[in-house]
Structures are given as C-alpha cells and as structure tokens.
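All remarks here apply to the structure that follows.
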Amino acid sequence: NIYAIGDAVAGPMLAHKAEDEGIAVAETLAGKVGHVNYDVIPSVIYTHPEVACVGKTEEELKEAGVKYNVGKFPMMANSRARTNDDAEGFVKVLADESDRVLGVHILASDAGEMI
C-alpha cells in the first residue's frame, strides 16, 4: 500500500493538516481506524488584517440545507483593538439551532492567533 499526506493530497497546504493526516496514517498502519476531521483544521491568510477560519462557510451550510444562526462582532467594539489603533475587522460565528459551532471566520489584525 502507498499512503500520502500533506501537499500530496487534496485540501489546503497546511503543516498542521499534514500532521493530522500523518497521525491517521500511523493509526491505520497500526491496525486502528485513522480519521481526520477536516472541519476543525483552521487556516490563516497572513495579510494585514489577517483572515482566519475554521469549519463551514455560510455558502456550504446553505448548500447543505443546514439551518444556522450568525453572530457577528465588530473589532471596533473590542477595547484592546481600539487601544492598539487596530480595530478593523470582525469575528463571525456560525452555529446550529442548538448553538453548536459550525464555523468561525475572523478578519482582524491577529486573526491567526485568535482562531
């Protein structure tokens, strides 16, 4: 058998994704069930402000017919962001009707650290 992980397989090219895939391959080789939950692997775009996300997008939830609620918090309402004169952006949380988090999207100076 040949196994591949990371940049050699579909999905985002992220080191932490490859690490999870490597663990799943090792579990498979050990005779266990290897699994990667791609919905909990965050990604970050290192721009200014940064863009970070984890989980589903609104488009994916609409396509799947999932009912969801949206919570959005502007960084302008965050006192630390205002104090640092870096209050551009927002945090958006997508949750199902029981408040289970389905996706988080952040546009802010330190989004990669917050996600």
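Under our numbering, the residues of the sequence shown are numbered 36 to 150, in order. Using N, Cα and C, we set each Cβ at its ideal position, and we do this for glycine too.
- Counting other Cβ atoms within 10 Å of its Cβ, residue 64 stays below 16 and is therefore classed as exposed.
- Around the beta carbon of residue 124, 16 or more other beta carbons lie within 10 angstroms, which makes this residue buried.
- The DSSP assignment places complete alpha helix (DSSP H) segments of no fewer than 4 residues inside the stretch 93-140 at 93-99, 114-118, in order along the chain.
- Its chain contains 131, 132 as the residues whose beta carbon lies nearer than 8 Å to that of residue 102, once the 5 sequence neighbours on both sides are disregarded; these appear in chain order.
- Each residue's CA atom was taken as its position, placing residue 90 and residue 129 some 9 Å apart.
- Each of 73, 37, 122 was checked against the Cα of residue 46, and the nearest Cα belongs to 73.
- Per DSSP, the unbroken alpha helix (DSSP H) holding residue 59 starts and ends at 50-64.
- One alpha carbon belongs to residue 149, the other to residue 66, and they sit about 36 Å apart.
- With the rule of 3 Cβ pairs closer than 8 Å, the stretch 47-60 does not count as touching the stretch 82-98.
- Under the 10 Å beta carbon count, residue 100 is surrounded by fewer than 16 other beta carbons and is classified as exposed.
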